[in-house]
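Right, one structure below, let's go through it.
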Amino acid sequence: MAAVLLLALAALHFQAVPGGFGTESYLGVFLILAVITALAGVAAFLLDDRDRVWWYALAQGAANPLGYLCNRLTGLPLAGDVPERWYGARAGWSLVFLGVLLFVLALGVLIARHRRRRLPQPVLSADDRDLLSIPRPGRSGR
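Take a look at the structure:
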């Protein structure tokens, strides 16, 4: 589900790239970087399901709505205070909605995993063993 939300965020950013370059060049560049970071999150979820990927999703989920809302409140340099010129009114609020959904999902998963690790439970599968954070032994001979 998180990979789908990140893919939707990447699609929203991608559709805003022409408007971003039309308003100011740096907006287009930042939107391309936003697409790349969202797609990197999708790739990370396809490869791994550890806590660090969920922390990345939590950061992405928080950064997207906060960035849009800060833009609505203060505006961007040289671009004015009207994000509808480069994002579109519905796409902007969709960005906020998807970001909040991703944030809540990632936060719920991280809290559930933290609670599960605190309870003494036997490891019953290889999946459970992979989710444990076991410190790696240091190298000997140092």
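Counting in the numbering used here, the sequence shown runs from 30 upward without gaps.
Using N, Cα and C, we set each Cβ at its ideal position, and we do this for glycine too.
Item to check | Exposure label - W83; buried when at least 16 CB within 10 Å | outcome: By 1-based counting over the sequence shown, the position of residue 83 is 54. Its Cβ being crowded by 16 or more others within 10 Å, W83 is buried.
Item to check | Close-in-space but distant-in-sequence residues of the same chain around A37 (CB under 6 Å, 5 per side omitted) | outcome: Position 8 of the sequence shown, counted from the first residue, corresponds to residue 37. Within the same chain, A37 has close Cβ partners L127.
Checklist entry - In whole angstroms, what separates the C-alpha of A155 from that of R79? => result For the purposes of this step, residue 155 is taken as residue 126 along the sequence shown, with counting starting at 1. For the purposes of this step, residue 79 is taken as residue 50 along the sequence shown, with counting starting at 1. Using only the alpha carbons, I get a separation of about 13 Å.
Next on the checklist: With three or more beta-carbon pairs closer than 8 Å as the criterion, would you say the segment 37-57 touches the segment 138-152?
Outcome noted: no
Checklist entry - What residue ranges within the segment 74-158 form continuous alpha helix (DSSP H) runs of no fewer than 4 residues, ordered along the chain? => result 80-103 and 118-147
Item to check | Cβ separation of A39 and L76, assumed to be a contact under 8 Å, to the nearest whole Å | outcome: Indexing the sequence shown from 1 puts residue 39 at position 10. Indexing the sequence shown from 1 puts residue 76 at position 47. That belief does not hold up - the Cβ atoms of A39 and L76 are roughly 17 Å apart, past 8 Å.
Checklist entry - Should T103 go down as buried or exposed, given a rule of 16 or more other Cβ atoms within 10 Å for buried? => result Numbered from 1 along the sequence shown, position 74 holds the residue referred to as residue 103. Under this definition T103 is an exposed residue.
Item to check | Cβ distance (whole Å) where L130 is taken to contact A86 below 8 Å | outcome: Working through the sequence shown from its first residue, we reach residue 130 at position 101. Working through the sequence shown from its first residue, we reach residue 86 at position 57. Rounded, the Cβ-Cβ distance is 11 Å, inconsistent with contact.
Next on the checklist: Suppose contacts are defined by Cβ-Cβ distances below 8 Å. Is A31 in contact with A135 by that definition?
Outcome noted: On the sequence shown, residue 31 is found 2 positions in, with the first residue counted as 1. On the sequence shown, residue 135 is found 106 positions in, with the first residue counted as 1. Contact: yes.
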